[in-house]
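Numbering (the UniProt record's numbering), first residue to last: 1 to 406.
In structure tokens:
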């Protein structure tokens, strides 16, 4: 089995495609992918009641989907090294929408859980390949901003994936909530198919898993993968279980209002775009550490039983998380000199493993220690992420340019 063919160095202008089309296409891809991935999250209290399951078991409807993505991203990214970035992303987005349209027909919790796992496998192609596509097509000086805008699309997709079903379920029930979400995702998928330019910086190579070991030997990449794992574990835990807290005493908010907490992701999307640009200018490590610190400060504000503090804390926590993800994911694309899709896939494996396993562990913390126990668990995940981020050092280059980041 041959080693993956070398690809052009990051930063060389490789694509003549309109950069606005690339930005818009990947923005639409982020919207449809993350709408579909998190469409059950705002409905967890409703689904707990409909199927008579505990909050921790209901959270499997999120964890199974993200866990399936985690398991699929590495083989799917390897296929993209052989068959092309655009082909994998396009067919993945279409398959995920098809499964999403069938999900409202599920009549048992087991069937719904199985369908969510299948949807996770189908969804894997876009997140597995998008970062590598950008690293192939976008010059180094624009990569941080482009990555930030893609992450912004994922953030807004997360908003719609929680907001649309969360509001719809109050009027039409959870089945219609999921059906409407799937139809909106279908519209964004069509836009993605229309807008995505063909990959011009990509050179096909044989599928080879040896670059995975090479990436894992890089201590900087390993630390970035830990950042992804721990930050995502905390983020999904907050969004899985904060809705249960807000529906109960002392808040007693209606489901439609609780669904609106997803709007904080819009601020996170802005933060991710700004953080990517700031990292290009000021350096990735200080921006990454500041982002993790912001998330921790926000989490602390959610602990008192006072709604304004909870709202502000959730806003700051969300901004910190999205900035963390934008900077860390962009840094992975820069550090990997070859087989960038596989380097990004390892990052995403850690990211979605954190969502799946870390989110389920958060359910144990919530059931055992209520919101205080949940908060302490999330603070612990952020502390580990901060330690990992602090240890990332710029990669030594043979001929580094002035001010060039690692």
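A virtual CB, placed ideally from N, CA and C, is assigned to each residue, including glycine.
None of these values were measured; they are calculated from a predicted model.
Enclosing alpha helix (DSSP H) for residue i [first to last residue]
{"i": "residue 95", "result": "85-102"}
{"i": "residue 280", "result": "264-282"}
{"i": "residue 39", "result": "Premise fails: residue 39 is in no alpha helix (DSSP H) and is neither H nor E."}
{"i": "residue 302", "result": "Careful: residue 302 lies outside any alpha helix (DSSP H) and carries neither H nor E."}
{"i": "residue 53", "result": "Here residue 53 belongs to no alpha helix (DSSP H), and DSSP marks it neither H nor E."}
{"i": "residue 243", "result": "219-247"}
{"i": "residue 377", "result": "359-390"}
{"i": "residue 156", "result": "140-195"}
{"i": "residue 210", "result": "210-216"}
{"i": "residue 116", "result": "109-123"}
{"i": "residue 256", "result": "255-259"}
Chain-order list of residues whose beta-carbon lies under 6 Å from that of residue i (same chain, five-residue window excluded)
{"i": "residue 352", "result": "66, 69 and 70"}
{"i": "residue 366", "result": "241 and 374"}
{"i": "residue 310", "result": "302"}
{"i": "residue 104", "result": "175, 178 and 179"}
{"i": "residue 388", "result": "223, 226 and 227"}
{"i": "residue 160", "result": "35"}
With 16 other Cβ atoms within 10 Å as the buried cut-off, status of residue i
{"i": "residue 349", "result": "buried"}
{"i": "residue 368", "result": "exposed"}
{"i": "residue 371", "result": "buried"}
{"i": "residue 49", "result": "exposed"}
{"i": "residue 82", "result": "exposed"}
{"i": "residue 62", "result": "buried"}
{"i": "residue 356", "result": "buried"}
{"i": "residue 80", "result": "buried"}
{"i": "residue 107", "result": "exposed"}
{"i": "residue 164", "result": "buried"}
{"i": "residue 213", "result": "exposed"}
{"i": "residue 393", "result": "exposed"}
{"i": "residue 45", "result": "buried"}
{"i": "residue 401", "result": "Bear in mind that the predicted position of residue 401 carries a pLDDT of just 42, short of 50, making it unreliable; the figure below should be weighed with that in mind. Its Cβ having fewer than 16 others within 10 Å, residue 401 is exposed."}
{"i": "residue 364", "result": "exposed"}
Contact set for residue i: own chain, Cβ-Cβ below 8 Å, skip 5 residues either direction
{"i": "residue 382", "result": "230, 231, 234, 292, 295, 296 and 299"}
{"i": "residue 277", "result": "144, 145 and 148"}
{"i": "residue 151", "result": "30, 269, 272, 273, 276, 322, 325, 326 and 329"}
{"i": "residue 398", "result": "Only weak support is given to the placement of residue 398: the predicted model assigns it a pLDDT of 46, under 50, and the question is left unresolved by the model."}
{"i": "residue 266", "result": "155, 156 and 159"}
For residue j and residue i, believed in contact at Cβ under 8 Å, the rounded distance
{"i": "residue 246", "j": "residue 332", "result": "Residue 246 to residue 332, Cβ: 35 Å. No contact."}
{"i": "residue 390", "j": "residue 326", "result": "Not really, about 18 Å apart at Cβ, beyond 8 Å."}
{"i": "residue 30", "j": "residue 181", "result": "Residue 30 to residue 181, Cβ: 15 Å. No contact."}
{"i": "residue 318", "j": "residue 157", "result": "Actually they do not touch by this definition, with Cβ atoms about 14 Å apart."}
{"i": "residue 237", "j": "residue 377", "result": "7 Å"}
Contact set for residue i: own chain, Cβ-Cβ below 7 Å, skip 5 residues either direction
{"i": "residue 53", "result": "109"}
{"i": "residue 321", "result": "231, 235, 268 and 295"}
{"i": "residue 239", "result": "41"}
{"i": "residue 328", "result": "224, 227, 228 and 288"}
{"i": "residue 162", "result": "38, 41, 42, 259 and 262"}
{"i": "residue 88", "result": "76, 79, 80, 125 and 129"}
{"i": "residue 58", "result": "44, 47 and 48"}
Neighbour flag for residue i against chain E, beta carbons, 8 Å
{"i": "residue 143", "result": "Going by chain labels, chain E is absent from the structure shown, which holds only one protein chain."}
task = Taking 8 Å as the threshold, find out whether the region 106-124 comes into contact with the region 55-69 through three or more Cβ pairs.
result = yes
key: Contact between the region 22-31 and the region 128-147 (3+ Cβ pairs under 8 Å)   = yes
request  = Determine contact between the region 124-131 and the region 88-98, defined as no fewer than three beta-carbon pairs at a distance below 8 Å.
outcome  = yes
ask   = Are there three or more Cβ pairs, one per stretch, closer than 8 Å when the region 252-270 is compared with the region 164-181?
value = yes
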